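Remarks on the structure that follows.
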Amino acid sequence: MTDPAPSVLADLVHGIHHTALAVESLDEALAIYRDTLGFRADEPEFVESQGVRVVFCYPGDGTRLELVEPASESSPIHGFLERRGSGLHHVAFEVTDVAAAIATLVARGVRMIDLEPRPGAHRTTVAFVHPKSMGGVLTELVQPPADERH
Numbered sequence: 004m005t006d007p008a009p010s011v012l013a014d015l016v017h018g019i020h021h022t023a024l025a026v027e028s029l030d031e032a033l034a035i036y037r038d039t040l041g042f043r044a045d046e047p048e049f050v051e052s053q054g055v056r057v058v059f060c061y062p063g064d065g066t067r068l069e070l071v072e073p074a075s076e077s078s079p080i081h082g083f084l085e086r087r088g089s090g091l092h093h094v095a096f097e098v099t100d101v102a103a104a105i106a107t108l109v110a111r112g113v114r115m116i117d118l119e120p121r122p123g124a125h126r127t128t129v130a131f132v133h134p135k136s137m138g139g140v141l142t143e144l145v146q147p148p149a150d151e152r153h
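Heads up: the sequence shown begins at 4 in my numbering, then just goes up one per residue.
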């Protein structure tokens, strides 16, 4: 198979960082993923820039599942839950340079939610791509801290 559009992004994207679920209650979700399924889970973390509390869970195969709970009614996650209920919220790709990824995507006409990087969970830097530019899927670009990059 040939690459129809070789790009700088191929050098920036390093695979799926995590999949996120929007949940009404972290405690109830942890009862499922940690207590019932046995996934290892981090401590809950408040992410001020997004108005959410998050927990990363690890099934043991190197993947990450992020549980996202709104911290207030003004959180975008609260609105999502009101419209759709609990469930899949977004997929996140790990990038080496989120600012460069934003610039490349904008230059290609991709609609971004975030035109500037912002703080994410676990010391990451993130930006969201609008679902209308990604086949209906909300997509997050995640730049891990330098000491955790792959």
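The beta-carbon is built from N, C-alpha and C at its ideal position, and this holds for glycine as well. Here the structure is a predicted model, which means the values were calculated and not measured.
Residue range of the unbroken beta strand (DSSP E) whose run includes residue i
i, result
"H81", "From DSSP, H81 is part of no beta strand (DSSP E) but of the alpha helix (DSSP H) over P79 to R87."
"Y61", "V55 to Y61"
"L118", "Element bounds for L118: n/a, residue is neither H nor E."
"H92", "G90 to V98"
Residue i in three-state terms, based on DSSP
i, result
"L29", "helix"
"A149", "helix"
"P134", "helix"
"E72", "strand"
"I19", "strand"
"E48", "strand"
"I43", "First, the amino acid is wrong: residue 43 is Arg here, not Ile. Three-state result, R43: strand."
Inter-residue spacing [alpha-carbon to alpha-carbon] between residue i and residue j
i, j, result
"A32", "D38", "9 Å"
"A13", "E143", "16 Å"
"R121", "V140", "20 Å"
"G65", "L40", "16 Å"
"V101", "D30", "31 Å"
"Q146", "I105", "12 Å"
"E3", "A103", "Any property of residue 3 remains undetermined from this structure, which presents the chain solely from 4 to 153."
"V15", "A130", "In the sequence under discussion, the amino acid at residue 15 is Leu, which differs from the Val named in the question. For L15 and A130, the distance between alpha carbons rounds to 14 Å."
"A149", "L68", "21 Å"
"S28", "H133", "25 Å"
"A34", "K135", "34 Å"
"C60", "E85", "24 Å"
"L91", "L24", "5 Å"
"E72", "E48", "10 Å"
Enclosing alpha helix (DSSP H) for residue i [first to last residue]
i, result
"G110", "Note that residue 110 corresponds to Ala in the displayed sequence, not to Gly. Per DSSP, A110 belongs to the alpha helix (DSSP H) from V101 to A110."
The stretch 43-55 / the stretch 65-81 touching (three or more Cβ pairs under 8 Å): yes
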